[in-house]
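**Student:** Everything in the sequence shown is counted per numbering that gives the first Met the number 0, starting at 0 for the first residue and increasing by one.
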Amino acid sequence: MFEEMNMIVLSGKEYPMKCDNLVLEKIQDKYEDLGKYENMLNGFVPELDEYGEEVRNEDGLLVGHYKMPDIKIINEAAVWFIQEGLAIKREENKEEIPEISDRTLIRQIDFNPRELSTILHQEFSRCFEKKNATTTQGKAENQNR
Numbered sequence: 000m001f002e003e004m005n006m007i008v009l010s011g012k013e014y015p016m017k018c019d020n021l022v023l024e025k026i027q028d029k030y031e032d033l034g035k036y037e038n039m040l041n042g043f044v045p046e047l048d049e050y051g052e053e054v055r056n057e058d059g060l061l062v063g064h065y066k067m068p069d070i071k072i073i074n075e076a077a078v079w080f081i082q083e084g085l086a087i088k089r090e091e092n093k094e095e096i097p098e099i100s101d102r103t104l105i106r107q108i109d110f111n112p113r114e115l116s117t118i119l120h121q122e123f124s125r126c127f128e129k130k131n132a133t134t135t136q137g138k139a140e141n142q143n144r
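(1) If you draw a straight line from the C-alpha of Pro-112 to the C-alpha of Met-16, how long is it?
(2) So, with DSSP's three-state summary, where would you put Gly-34?
(3) Could you tell me how far apart the beta carbons of Ile-105 and Val-78 are, in whole angstroms, since I believe they sit closer than 8 angstroms?
(4) Below 8 angstroms on the Cβ atoms is my guess for Asn-38 versus His-120; work out the distance and round it to an integer in Å.
(5) So does the stretch 3 to 23 actually touch the stretch 40 to 56, counting three or more Cβ pairs closer than 8 angstroms?
(6) By alpha-carbon positions, which one of Val-22, Lys-66, Ile-7 and Glu-13 ends up nearest to Cys-126?
(7) Roughly how many whole angstroms lie between the Cα atoms of Glu-53 and Val-62?
(8) For the candidate residues Glu-114, Lys-29, Ile-81 and Ile-96, whose alpha-carbon lies nearest to that of Ile-4?
(9) Taking the runs of the beta strand (DSSP E) that are 3 residues or longer, which of them lie wholly in the stretch 19 to 87?
(10) Based on Cα-Cα distance, which residue from Glu-122, Glu-114 and Phe-110 lies nearest to Gly-11?
(11) What is the DSSP secondary structure of Asn-92, counted as helix, strand or coil?
(12) Run the CB neighbour count on Pro-68, radius 10 Å, all protein chains shown included, and call it buried at 16 or more, exposed below.
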């Protein structure tokens, strides 16, 4: 039913992680702007002009620099992505997977902040790729022929 999930290993324990529309909705409810959230997640600080507007280069890309990502943001993203992965696994496999507290997951993080930020940013970016191109839509096209 769902596309394959990426896995993350924290303190020797493997967890599924998923950033989907349910997670994006949480992010948007709390942070409003997904683009600004993405910048916080990967530690990107856009350059501002004299009017406080973000500076873009000739290709339309933001100009700025990277700093250490916000620890609260990466901890929260790790928890949300992993909790969603576990919820999907429970539903898909009808498995009894125990609930894991946010604090327990955060305590198991053994990546440095920059490494974890990169992993989570890759998962966040997957949300914006075309979904189910071969599963759902491919089947529908074949059925219509």
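Note that beta-carbon positions come from the ideal geometry of N, C-alpha and C, so glycine has one too. If you're wondering where the values come from, they're calculated on a predicted model, not measured in any experiment.
**Tutor:** A quick look at the data gives this:
(1) So the two alpha carbons sit approximately 17 angstroms from each other.
(2) Three-state result, Gly-34: helix.
(3) 7 angstroms between Cβ atoms; contact.
(4) Actually they are not in contact, since the Cβ atoms of Asn-38 and His-120 sit about 10 angstroms apart, beyond 8 angstroms.
(5) Flag = no, the stretch 3 to 23 and the stretch 40 to 56 do not touch.
(6) When C-alpha distances from Cys-126 are compared across Val-22, Lys-66, Ile-7 and Glu-13, the shortest belongs to Val-22.
(7) Approximately 8 angstroms between the Cα atoms of the pair.
(8) For the sequence presented, residue 4 should be read as Met rather than Ile. Checked all of Glu-114, Lys-29, Ile-81 and Ile-96; the closest Cα to Met-4 is Ile-81.
(9) DSSP runs (the beta strand (DSSP E)) wholly in the stretch 19 to 87: 43 to 45 and 63 to 65.
(10) It is Phe-110.
(11) The answer is helix: DSSP assigns Asn-92 an H, G or I state.
(12) Counting C-beta atoms within 10 angstroms of its own C-beta, Pro-68 has 16 or more neighbours from the protein chains shown and is therefore classed as buried.
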